[in-house]
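Undergrad: Dumping the structure here so I can ask a few things about it.
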Amino acid sequence: MSKILITGGNGLIGNRVAFDLSKEHKVVLMDLVKNNDFDSLVFDVTEKDWIDSVGKFDYVFHFASIGGGTYNTGNPVNVIHTELTGLFNVLNYSLQNNVKKVIYSSTGLVSEKFKNWLNFSKIPLNHYLSYPTAKLMGEYFIKEFHKENNTGYIIVRYYNVYGENQSDEMVIPFFLRNAIQSSPLVIFGDGKQKRDFTYVGDVSKATIASAFSENTFSRTVNIGTGVQTSIKDLAKLVKKLTNSKSEIIKDNFPSGLEELEQERSPFSASYLQELIGLTCKTSLEEGLKKVISSIEGK
């Protein structure tokens with residue numbers, strides 16, 4: 000049994016990973032608000048006071064960040080500061096306490112055209128870039144820290160994770176809420192932009208398997224289904240599963256978002272199967288039914 004610290008444990012992925020890990024391991028959550036379902040510590044990961052206060056852990060799953068809903072349009076400086084300062088503290092903690100691995104959550108956005116977009120002479124700077132920029136900088140940071148200190152880590156990149164109790168700012172709970180209320184489902188552009196929607200239960204299993212695999216030490220693991228669905232088809236499926244009378248309405252992209260929202264390169268799940276021996280198998284329809292059931296049960 001390993002002792003595991005999960006930062007950002009109140010979030011969608013962190014909470015599900017905590018639940019699954021707690022079946023076989025000692026799990027402690029750290030977040031800004033106490034979680035009564037688990038052993039829980041209340042600290043801000045960007046402050047240093049927790050480093051000498053939380054005790055020793057074998058693994059740290061680092062999910063704490065400012066959420067990437069619509070790539071976070073709030074305070075870009077705060078998004079990047081929180082990401083890098085929090086990660087710096089986690090890495091220093093891991094070095095001081097001989098942590099076996101830090102599992103760092105990143106985003107599939109950084110594995111696609113975004114790296115080329117960092118030639119800012121070609122694209123306008125805008126606040127939608129803050130979240131993927133912060134995650135990409137975090138990836139570089141953790142790799143360089145490893146080179147200097149030989150600390151253990153893996154980077155897990157997620158692709159449009161959804162699940163029960165997700166924040167309404169994300170597209171699937173937003174569509175579901177509106178569909179249940181028969182409110183319009185608004186899509187940007189023609190709705191043909193495609194995404195790999197991945198159910199949180201599968202994401203949790205793949206994340207845990209990656210954390211404990213010998214094949215993943217100091218590597219980057221992309222976690223997704225490999226199946227892409229257009230936003231328009233997602234809206235249609237949500238309408239069907241909720242028996243909704245909602246109208247699907249097209250709208251213009253918010254200024255600065257269109258470039259980031261264009262169709263992305265498909266993700267191949269074969270490498271994930273090779274690396275950890277499993278894939279994310281829950282279909283979008285099956286996953287949506289689980290989320291709808293959880294909403295109806297409230």
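For the sequence shown, numbering that gives the first Met the number 0 assigns the number 0 to the initial residue and increments by one for each residue that follows.
Even for Gly, the Cβ is constructed at its ideal location relative to N, Cα and C.
Quick check: the Cα distance between isoleucine 141 and leucine 90, rounded to an integer number of angstroms?
TA: Cα to Cα, isoleucine 141 sits roughly 8 Å from leucine 90.
Undergrad: Quick check on tyrosine 130: does DSSP put it in helix, strand or coil?
TA: Tyrosine 130: helix per DSSP, three-state reduction.
Undergrad: Verify whether the separation of the beta carbon atoms of isoleucine 230 and arginine 194 is less than 8 Å.
TA: Taking 8 Å as the Cβ cut-off, isoleucine 230 and arginine 194 qualify as a contacting pair.
Undergrad: From what residue to what residue does the alpha helix (DSSP H) around phenylalanine 215 run?
TA: Sequence check: residue 215 is threonine here, not phenylalanine. Premise fails: threonine 215 is in no alpha helix (DSSP H) and is neither H nor E.
Undergrad: With 16 as the cutoff for other CB atoms within 10 Å, does proline 131 come out buried or exposed?
TA: With 16 or more other Cβ atoms within 10 Å, it is buried.
Undergrad: In this structure, how does DSSP classify tyrosine 158 when only helix, strand and coil are distinguished?
TA: Of the three classes helix, strand and coil, the one that applies to tyrosine 158 here is coil, per DSSP.
Undergrad: Have a look at glutamate 147 and tyrosine 198 and give me their C-alpha separation to the nearest angstrom.
TA: So the alpha carbons of these two residues sit roughly 36 Å apart.
Undergrad: Quickly, what does DSSP pair isoleucine 153 with across the bridge? List them, please.
TA: DSSP, once it has assigned bridges, lists Ile102, Arg218 as partnering isoleucine 153.
Undergrad: Residues bridged to glycine 229 by DSSP?
TA: What sits at residue 229 in the sequence shown is serine, not glycine. DSSP, once it has assigned bridges, lists Lys193 as partnering serine 229.
Undergrad: Within 10 angstroms of the Cβ of serine 120, are there 16 or more other Cβ atoms? Answer buried if so, exposed if not.
TA: Residue confidence for serine 120 is low, a pLDDT of 47 falling below 50, so the modelled location carries little weight; the figure read from the coordinates is stated next. It is exposed - the Cβ of serine 120 has fewer than 16 other Cβ atoms within 10 Å.
Undergrad: Does the separation of the CB atoms of serine 245 and alanine 178 fall below 8 Å?
TA: Yes.
Undergrad: Could you name the residues of the same chain whose beta carbon sits closer than 7 Å to that of serine 104, not counting the 5 residues immediately before and after it, in chain order?
TA: The residues are Ile12, His61, Phe62, Val155, Tyr157.
Undergrad: Is it the case that the Cβ atoms of glycine 286 and phenylalanine 216 are separated by a distance below 8 Å?
TA: No, Cβ-Cβ distance for glycine 286 and phenylalanine 216 is not below 8 Å.
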